[in-house]
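Peer 1: Using my numbering, read the sequence shown as starting at 229 and increasing by one per residue.
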Amino acid sequence: MFLKPKLKIMSRDNCELVHEKTLKVLAETGIRFESDQALAVLKRHGVKITGKTAYFNSAMVDRAIAQIPKKFKWIGRNRSQDLMVGDDLVVLPNVGNIYVQDLTYGRREGKKKDFRNIIKLQQASPSMNVSGGSPVNILDVEHDEKFATMLFEAIKHSDKPILSLCQEGIQNNQRSLLMLKISLGKNHLRDQIYTGVIVDPLSPLAYDKAATDTIIAYAEDGQAILLVTCSMAGVTGPITLSGMLIAQNAEILAGLILTQMVHPGCPVVCGVSSSIANLKQIAYLTAAPDMNIMTMAGTDLYEDFYQLPTLLLAGQTDSKMLDYQAGFETMQTLLLPILAGVKMIQEGNGTLDSFMTTSLEKMIIDEELIERSKHIARGLPLDSSMFLLDAIHQVGSRDSFLSHESTFAHFKELWRPTISEDRPYSFWERDGKLEITYKAHKVWKDRLSNAPQSMISESLEKELLAVIEKI
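#1: Determine the DSSP secondary structure at E641, reduced to helix, strand or coil.
#2: Can you name the residues that DSSP bridges to E244?
#3: In angstroms, rounded to a whole number, what distance separates the CA positions of N678 and L367?
#4: In angstroms, rounded to a whole number, what distance separates the CA positions of L580 and S587?
#5: State the start and end residues of the unbroken alpha helix (DSSP H) segment that holds E221.
#6: Could you tell me the alpha carbon to alpha carbon distance between V369 and F533, rounded to whole angstroms?
#7: For E337, which three-state DSSP category applies?
#8: So, do the region 257-266 and the region 429-441 have three or more beta carbon pairs nearer to each other than 8 Å?
#9: Please give the ranges of any alpha helix (DSSP H) in the region 422-464, keeping only runs that are unbroken, at least 4 residues long and fully inside the region.
#10: If you compare alpha carbons, which of G483, T545, T635 and G526 is closest to D239?
#11: Name the DSSP bridge partner or partners of S503?
#12: Do S355 and I598 count as a contact pair if the criterion is CB distance below 8 Å?
#13: Could you pull the start and end residues of the beta strand (DSSP E) that D372 belongs to?
#14: Is E575 buried or exposed, if buried means 16 or more other CB atoms sit within 10 Å of its CB?
#15: For L235, which residues of its own chain have a beta-carbon under 7 Å away from its beta-carbon, when the five flanking residues on both sides are left out?
#16: Which term fits D594, buried or exposed, when burial requires 16 or more other beta carbons within 10 angstroms of its beta carbon?
#17: Pair every Cβ in the region 455-462 with every Cβ in the region 483-500, then say whether three or more of these pairs are closer than 8 Å.
#18: Does the region 386-396 come close enough to the region 311-323 to have 3 or more Cβ pairs within less than 8 Å?
#19: DSSP state of P609, grouped into three classes?
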């Protein structure tokens, strides 16, 4: 038996109050949809539409929540990599980062080679469960081919479950789905969840065409929709955290209803990434303590109250480099959501500079921070087999436990670091006094040198490239 720590901010009564106020926003203020097709779906199911604004009643909310699975299996091309979302912690790749950074070349705009290297590191990571996303923008590919090219690289260099990208145009989204189906081959079975896609509402209280096109295309195919709000207090959301919690909840519930009207039973994950802003520069703050208050409240609301799978941003920092600030902010933003009980996290893979940059060294360091957090969240093992009363009696006060048989039986259960230094000074000095970023630099370089050139056959590669060539 493990005694697991659990952080909570809101009681069930608090969640009921937020839900009640959210229903008022949905019914009286409404949500704007910049898509005629989405509006047509909503109208066909009885939603009141005025112009481009949809108004939802409580019955629609209740019905949609009841239809969403509490857990679902997300398969990879390598079926040993399959995930059960809703059970153990799932670590997603970064999405929306623009730059890449490392010790050798510093911070720079991304190219296809950088994206490919990050995918290879995702595949090699023992902490990451999912590959893909958009951990860096690529500028050496034509815009029309960018999303398909990124997906191709993810398929070619990883056999883990793949995170797709939100894009405008239902046909564009269907092309991504086709590529994933082709890659899975015989592993692609009817009614399997083989991908998920992150969709951001357009705060405040709106969905743009890219978001609704993506929801419709992926929901029609029964694939997982990861709805992630990203409000800034006082800019795209109310200035108070309580007000922002209600507004973001209205956005998520509206997207959730649309998804279920397209495909009842389609998996949905509710995501929170709202935070305060630096109002002097109108800058989104990813590591302010307020963001963790919002994410923990989100876990209470979605994971506990609605009993739906929940995604939180975790492991991010506003620091521009791998310094002390990056360390304490990353651990703060990572540990608190995990202790709150969230089952899915994003951005904990090398993020710097408020989601703007992916650091290759930080990708390696973040692996240890994830494992530290998971170890703490596992809690205290408290049962008779772990009390070791016989050992305590045998050693007494005059001997050492170092050579006792109980130590040999259990010492491998102790947590050990993967990259940080915990040996005495003389050992660290003997091995060159390496600072952690230089150790991490060597690790990712070694992983890339050992990564296969491709994880798919030549025939599959040709088939996927043929899809891209039709763009």
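Just so it is clear, CB atoms sit at the ideal spot from N, CA and C, and this is done for glycine as well.
Peer 2: Let me spell this out:
#1: helix
#2: Bridge partners of E244: none, in fact.
#3: In a straight line, the C-alpha of N678 is about 26 Å away from that of L367.
#4: 7 Å
#5: What is shown of the chain runs 229 to 699, which leaves residue 221 out entirely.
#6: 44 Å
#7: For E337, the secondary structure class from DSSP, reduced to helix, strand or coil, is strand.
#8: yes
#9: 437-448
#10: The residue asked about is misnamed: residue 239 is Ser in this sequence, not Asp. Of the candidates G483, T545, T635 and G526, the one whose C-alpha sits nearest the C-alpha of S239 is G526.
#11: M460
#12: yes
#13: Counting along the chain, D372 falls outside any beta strand (DSSP E), though it belongs to the alpha helix (DSSP H) covering H371 to H385.
#14: buried
#15: M524, L564, L567 and A568
#16: buried
#17: Short answer: they touch.
#18: yes
#19: P609: strand per DSSP, three-state reduction.
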